[in-house]
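See structure below.
Residue numbers (our numbering): 145 to 296.
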């Protein structure tokens, strides 16, 4: 029984320290001596003769209460760590988004080889959209392709 008391107190203290180290401890501490099972175990141990079945059942209940506290402490720590990870990811994404927006703004408008939106592989394009592979294009871009000469 002393082992149950000692191990229970150690497990509760460890869980309490974990909560405190992560800033999750409330104002009140988890006190094993405030558990009803703790008082029942003390009363059973003070009374003779011992009822071993009762002692064993109360000891199991005492250990289960402490294990439940420790599991909840671990769950809270994992939950906080996950929330912190998510916040860091969101900050990184926002930083990357701002960085990309800044790069887009500083690089100016995208260039397509001239003043218009056409595709040119030689000569110059001043118009809106025709595709030229030689000569020059000054027109409005409706004529499709021309392969040499010039389009006026």
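Even for Gly, the Cβ is constructed at its ideal location relative to N, Cα and C.
First and last residue of the uninterrupted alpha helix (DSSP H) at residue i
i           : result
residue 163 : 146-165
residue 250 : 196-251
Own chain, CB closer than 8 Å to residue i, minus 5 neighbours either side, in chain order
i           : result
residue 189 : 145 and 199
residue 148 : 185, 203, 206 and 207
Reduced DSSP category for residue i - H, G, I as helix; E, B as strand; rest coil
i           : result
residue 177 : helix
residue 170 : coil
residue 190 : helix
Chain-order list of residues whose beta-carbon lies under 6 Å from that of residue i (same chain, five-residue window excluded)
i           : result
residue 210 : 152, 155 and 156
Within 8 Å, strictly: CB atoms of residue i and residue j
i           : j           : result
residue 220 : residue 163 : yes
residue 160 : residue 171 : no
Contacting residues, own chain, Cβ-Cβ under 7 Å from residue i (five flanking each side not counted)
i           : result
residue 168 : 220, 221 and 224
Q: Could you say if the segment 211-228 and the segment 236-245 meet the contact criterion of at least three C-beta pairs nearer than 8 Å?
A: Look at the beta carbons and you see the segment 211-228 not touching the segment 236-245: under three pairs across the two are nearer than 8 Å.
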